[in-house]
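**Student:**
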Amino acid sequence: MLKVKVYADRMSQPSRAVLIFCKVNGIEFDEIKVEISKRQQLSPEFADINPFKKLPAIVDGRFKLFESHAILIYLASAFPGIPDHWYPADLSRRARVHSVLDWHHLNLRHGAAPFVLHTVLAPVLGLPLNPQAAAEAEKILISSLSKLENIWLKGNGRYLLGGLRPSIADLSLVCEIMQLELLDEKDQERILGPHKKVQQWIESTRDATRPHFDEVHKVLYKVKEIIRAKKSNQGDGVMQSRTKTPLASKM
Amino acid sequence: MGKLKVYADRMSQPSRAVIIFCRISGIDFEEIKVDISKGQHLSPDFTEVNPLQKVPAIVHGSLKLSESHAILVYLASAFTGIADHWYPTELSRRSKINSVMDWHHSNLRNGAVNYAINTTLAPALGRQLNPKAASEAEKVLLSSLKTLEDIWLDGDGGFLCNGIQPSLADLSMVCELMQLEVLDERDRNRILSPYKKVLQWIENTRTATNPHFEEVHNILYKAKKKFEQQRARTAETGTSPSNKTGGYSKI
Ligand SMILES: N[C@@H](CCC(=O)N[C@@H](CS)C(=O)NCC(=O)O)C(=O)O
Ligand SMILES: N[C@@H](CCC(=O)N[C@@H](CS)C(=O)NCC(=O)O)C(=O)O
C-alpha cells in the first residue's frame, strides 16, 4: 500500500499530535503542508480530502479520515508494532483513555485554543483581538488545568490516569497546552504556574517523544519570536501597518 | 463482576443515550438517578463515582467511567451479543464513527445544549437566560445541522456515514437533538424544518430503538408541556416565570 498521507499545519495542535505520533512510532508517511495562514485549507483540492476544511486529515489508500483523536486511534490500530501503552488493548484502560479524549474537546481545547487566539494570535492572523472572548476562554482554560492537576493526573504515574507510559491522550492534550508558549511570560506564569503536576507531565511527555516533540514544535517558537517582535515594535511606538488580509478561520 | 450501575438524569441527553443503549442491547443494569435540578450531581457520594460531577457515569466492577461516548464504546466492547452495527469491528467503519463522535462535541452538542439552556432551560436550573449566548449558540447549532445534512448524512443509508443501521454516533446525536423539544414549537420548526435528512434521520433512529427511545424520552415530553404552559401564562400576564431553585449548573 502507498504511504499514508498526513495533511497538517504544524501551527495546529491536533496536527502536531498526529505528526509526532507517526514519527515516534516509525510510521512511514508523507506530510502534506496545508497552511492555514494562507487559507490553503479552504482550497477545493483540500475540500476533496476533508469536506470539513480542518486539519489534520489523513488519507490511507482510499480511506480518508479527519478528527485527530479518531486519526490517532486509527493509526494505533492499523499499523503493526505500535506499543500498547499508546492505545491499550485492555478494555478498562482503553475506556479511560477515551474518557479523557472526549473530555478534552469542550474543556482543555475549548479554553486553550480561543484563549491563545484572542490574546496573541489574532493580530498575526489579521483578526481583531476580542478581550471578552479571551476572558471567557480563560475561565474554561483555568478550570480545565485544575481538573487535569487534581483529577486526571492524580496518582503516582507520570501520565494521565496514573499511567507509567504516555497514551494518545497525553500526546493530544500536551500538544494542546503547548500553544500557551505563545503567551507572554506573565500570562504563562499566571496560568500554568500554579499547576505543578501539569508542568511535570508536559516535561514527561516531551521526554518520552524526543527528539520529534521538539522538532515538530519548532514552528511554534518561531511564531513566538514574531509575536515578540511585533510587541516590542509597538512598544517603541512604531505602528504596525503591515497587517495581513483578514482570515476567517482559526487554529 | 457486579451488575453495571448507570448514574443518570434522564433530562440529560448523554444520559438518555446510555440508558437507551443498555436497554436495546439487553444489558442488565441498575439505573441510579442523579437529579441535576436538585444538585445531586454535586453530592459527595456521586463525586466519588465521578469527580468531574457530570452525568452520565458508570461503575462496572472496579472501573468508574464518565463521558457518554467513552461509556457507549466501552459497553459495546465489554458486553457480548451487541449487534456489530453499533460500533463496527471493521477498522475504517469504526474510525468514521469515532470521527463523527469527536466532531459532535464542539459542534452539535456545543450548539444545541447552549441554545436550549439560554433560550429555555436556564430558569429551571436556577440560572439566567442569556440572549447573547443564545444567539452565538444558534450559529453553531445551525452550522452543525447544515453539516449533518450535507456531509454526515450524505448518501441513502438513512444513518450517519451512510449507515443502513444505527451506530453509537446516531444514538448520541439524535438524543442531543431531541432536547430541542423543549423549545417553543415555532422556534423549533424554524431551526429544524429546513433539514429534511436530519428530520428523517431522527425518525429512523427513533424507530430503530423503540419502544425504549420513547420511554426514556417521556420525561422530556413532560418538561415540554410544562414549558408550553409557562409560555402561555407569560403571554397572558406578561410576567416571566420566577426562579425558585438555587443555582445549579447545566444539563
Ligand atoms: N477536533 C479537531 C479540530 C480540528 C481543527 O479545529 N483544526 C484547526 C486547526 S487546529 C483548523 O483546521 N482550522 C482551520 C479553520 O478553522 O478554517 C481535531 O482534533 O482534529
Ligand atoms: N461530554 C459529556 C457531557 C456530560 C455533561 O455535560 N453532563 C451534564 C448533563 S447533560 C451534567 O452533568 N451537568 C451538570 C453540571 O454541569 O454541573 C458526556 O457526553 O457525557
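So the sequence lines, in the order shown, correspond to chains S and Z.
Just so we're aligned, residue 391 is where the first sequence starts under the numbering used here, counting upward by one.
Just so we're aligned, residue 447 is where the second sequence starts under the numbering used here, counting upward by one.
Every residue gets a Cβ at the ideal spot worked out from N, C-alpha and C, and that includes glycine.
1) Compare the C-beta of residue 493 of chain S with all C-beta atoms of chain Z and state if any pair is closer than 8 angstroms.
2) For residue 408 of chain S and residue 460 of chain Z, I'd like the C-alpha separation in whole angstroms.
3) Under the criterion of a Cβ to heavy atom distance below 7 angstroms, does residue 454 of chain S qualify as lining ligand 2?
4) For the segment 452-482 of chain Z, which segments carrying the alpha helix (DSSP H) assignment without a break, of at least 4 residues, lie completely within its bounds, in sequence order?
5) Under the three-state reduction of DSSP, which class applies to residue 491 of chain Z: helix, strand or coil?
6) From residue 522 of chain S to residue 493 of chain S, what distance separates their C-alpha atoms?
7) What is the DSSP secondary structure of residue 611 of chain S, counted as helix, strand or coil?
8) For residue 636 of chain S, count neighbouring C-beta atoms within 10 Å of its own C-beta (all shown protein chains included) and say buried if the count is 16 or more, exposed if not.
9) If we count the other Cβ atoms within 10 Å of its Cβ and call it buried at 16 or more, is residue 599 of chain S buried or exposed?
10) May I ask you to verify whether the segment 478-491 of chain S touches the segment 420-440 of chain S, counting CB pairs closer than 8 angstroms and requiring at least 3?
11) State the CB to CB distance for the pair residue 489 of chain S and residue 445 of chain S, rounded to an integer number of angstroms; the pair is presumed to be in contact (CB under 8 angstroms).
12) Which residues in chain B have a C-beta closer than 7 angstroms to the C-beta of residue 520 of chain Z? List them in chain order.
13) When DSSP builds the beta bridges, which residues end up paired with residue 421 of chain S?
14) Mind pulling the chain S residues with CB within less than 7 angstroms of residue 524 of chain Z?
15) Keeping to the same chain, check which residues put their C-beta closer than 7 angstroms to that of residue 527 of chain S; ignore five residues upstream and five downstream.
16) For residue 441 of chain S, would you say it is in contact with chain Z, using Cβ-to-Cβ distances shorter than 8 angstroms as the test?
17) Is it true that the segment 443-463 of chain S meets the segment 537-548 of chain S, where meeting means three or more beta-carbon pairs spaced less than 8 angstroms apart?
18) According to DSSP, is residue 636 of chain S part of a helix, a strand, or is it coil?
19) At what residues does the beta strand (DSSP E) containing residue 454 of chain S begin and finish?
20) What is the rounded straight-line gap between the Cα of residue 679 of chain Z and the Cα of residue 673 of chain Z?
21) Can you check whether the C-beta of residue 487 of chain Z is within less than 8 angstroms of a C-beta belonging to chain S?
22) Please give the ranges of any alpha helix (DSSP H) in the segment 538-615 of chain S, keeping only runs that are unbroken, at least 4 residues long and fully inside the region.
23) Any heavy atom of ligand 3 within a distance shorter than 7 angstroms of the CB on residue 494 of chain Z?
24) Residue 602 of chain S to residue 417 of chain S, Cα distance in whole Å?
25) Per DSSP, what kind of secondary structure is residue 596 of chain Z in: helix, strand or coil?
26) Would you report the Cα separation of residue 425 of chain S and residue 399 of chain S, rounded to the nearest angstrom?
27) With distances taken between CB atoms, is the gap from residue 617 of chain Z to residue 467 of chain Z smaller than 8 angstroms?
28) Less than 8 angstroms between CB atoms is the rule here; does residue 541 of chain S satisfy it with respect to chain Z?
29) Considering residue 512 of chain Z, what are the terminal residues of the beta strand (DSSP E) in which it resides?
30) Compile a chain-ordered list of the residues in the segment 455-484 of chain S whose CB is closer than 7 angstroms to at least one CB of chain Z.
31) Could you spell out the range, first to last residue, of the beta strand (DSSP E) harbouring residue 530 of chain Z?
32) Is the segment 527-537 of chain Z close to the segment 501-509 of chain Z, with three or more CB pairs under 8 angstroms?
33) Among S/437, S/497, S/464 and S/420, which one has its Cα closest to the Cα of residue 566 of chain S?
34) 8 angstroms is my cut-off, CB to CB: does residue 343 of chain S come that close to chain Z?
35) Would you verify that the beta carbon of residue 564 of chain Z is, or is not, closer than 8 angstroms to some beta carbon of chain S?
36) Based on DSSP bridge pairs, tell me the residues matched to residue 447 of chain S.
**Tutor:** Well, looking at it:
1) Chain Z contact via Cβ: present.
2) When rounded, the distance between both Cα atoms is 28 angstroms.
3) no
4) Those alpha helix (DSSP H) runs which fall completely within the segment 452-482 of chain Z and span 4+ residues are 459-470.
5) Assigned with DSSP and collapsed to three states, residue 491 of chain Z falls in helix.
6) For residue 522 of chain S and residue 493 of chain S, the gap between their C-alpha atoms comes out near 24 angstroms.
7) In the three-state reduction of the DSSP assignment, residue 611 of chain S falls in the helix class.
8) Residue placement at residue 636 of chain S is flagged as unreliable, the pLDDT there being 42, under the threshold of 50; a coordinate-derived value is accordingly withheld.
9) Looking at its Cβ environment, which holds 16 or more other Cβ atoms inside 10 Å, residue 599 of chain S is buried.
10) no
11) The pair is not a contact, with the Cβ atoms about 25 angstroms apart (cut-off 8 angstroms).
12) Protein chains S and Z are contained in the structure displayed, whereas chain B is not.
13) S/396
14) 481
15) 501, 504, 505 and 508
16) yes
17) Verdict: no, contact absent.
18) Because residue 636 of chain S sits at a pLDDT of 42, beneath the cut-off of 50, its placement in the model cannot be relied upon, and the following sentence gives the value as read from the coordinates. Of the three classes helix, strand and coil, the one that applies to residue 636 of chain S here is coil, per DSSP.
19) Here the beta strand (DSSP E) through residue 454 of chain S covers 453-456.
20) 10 angstroms
21) no
22) 558-568, 575-582 and 586-599
23) The model depicted lacks ligand 3 and carries ligand 1 and ligand 2 instead.
24) 13 angstroms
25) helix
26) 6 angstroms
27) yes
28) yes
29) 509-512
30) Those residues of the segment 455-484 of chain S that come within reach of chain Z (Cβ to Cβ, closer than 7 angstroms) are 455, 456, 457, 459, 460, 463, 464, 467, 468, 481 and 482.
31) Segment: none, residue 530 of chain Z is in no beta strand (DSSP E) and carries neither H nor E.
32) Segment contact: the segment 527-537 of chain Z against the segment 501-509 of chain Z, fewer than three CB-CB distances shorter than 8 angstroms; contact not assigned.
33) S/497
34) Since the displayed chain S opens at 391 and closes at 641, residue 343 of chain S lies outside it and no answer follows.
35) Judged by the 8 angstroms Cβ criterion, residue 564 of chain Z is not in contact with chain S.
36) S/397 and S/456
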